[in-house]
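Heads up: the structure comes next, in structure tokens.
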Amino acid sequence: MNIVRLLRPEAVKSVSTVSSKKMLLHALGDLSANVHDLDQETIVRALQERETLGPTGVGHGVALPHARIAGLNEVKAVFIRLEKPIDFNAVDRQPVDLFFCLLAPENAGVEHLKALALVSRTMRDASICAKLRANNEPETLHAIIAETQRVNQAA
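Residue numbering for the sequence shown follows numbering that gives the first Met the number 0, starting at 0 and increasing by one per position.
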């Protein structure tokens with residue numbers, strides 16, 4: 000599983016205009032639609048449905064929204080960094096500003112879980128999150144995430 004294959008450079012965005020969970024899910028849907036040529040409404044609906052099962056805000060200002068999407072043939076990702084954190088019903092009740100969203104095919108059992116584990120390990124690293132919070136240029140954000148893959152592969 001390769002984080003760089005999941006997350007293309009154009010799938011990374013820094014956003015200043017989101018002030019609610021609903022707006023964030025729509026921003027993730029818009030980015031997914033534009034980058035991965037997916038239906039925005041389908042993405043938003045799937046993410047909303049997944050959020051009703053339990054929060055994807057994992058703590059420390061990080062959320063890993065994810066959903067299964069009919070018609071998708073491989074796991075795809077988008078990343079949004081918010082300038083101002085929002086309430087996302089995170090497990091630690093802290094506001095969230097880093098959102099790594101995964102979209103998986105309906106029947107992608109193991110691949111979806113591997114991708115989720117990889118992203119979770121990456122976003123649990125406090126130094127990576129600090130670097131992501133210190134930058135707002137999409138190219139830099141993608142480079143930080145891509146570098147984590149190279150460092151982890153070298154270890």
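C-beta atoms are modelled at their ideal positions from N, C-alpha and C, and glycine is treated no differently.
Proximity below 9 Å, CB of residue i to CB of residue j
{"i": "Val95", "j": "Ala45", "result": "no"}
{"i": "Lys75", "j": "Leu37", "result": "yes"}
{"i": "Val57", "j": "Ser119", "result": "yes"}
Alpha-carbon spacing of residue i relative to residue j, whole angstroms
{"i": "Ala129", "j": "Leu101", "result": "21 Å"}
{"i": "His141", "j": "Phe98", "result": "13 Å"}
{"i": "Gly70", "j": "Val34", "result": "16 Å"}
{"i": "Ala133", "j": "Gln93", "result": "19 Å"}
{"i": "Pro84", "j": "Gly60", "result": "7 Å"}
{"i": "Lys21", "j": "Leu117", "result": "26 Å"}
{"i": "Ser126", "j": "Val109", "result": "28 Å"}
{"i": "Asn1", "j": "Leu81", "result": "24 Å"}
{"i": "Leu6", "j": "Glu40", "result": "21 Å"}
Assigned exposure category for residue i - 16 Cβ within 10 Å defines buried
{"i": "Ile51", "result": "Residue identity check: residue 51 is Thr in the sequence provided, not Ile. Classification of Thr51: exposed, given that the 10 Å Cβ count is below 16."}
{"i": "Ser15", "result": "exposed"}
Those residues which DSSP pairs with residue i across a bridge
{"i": "Ile79", "result": "Lys12, Phe98"}
*Can you list the alpha helix (DSSP H) stretches of 4 or more residues lying completely in the stretch 22-76, in chain order?*
Listed in chain order, they are 39-52.
*Complete alpha helix (DSSP H) runs within the stretch 90-152 (minimum length 4 residues, chain order)*: Complete alpha helix (DSSP H) runs here, min 4: 108-122, 125-132.
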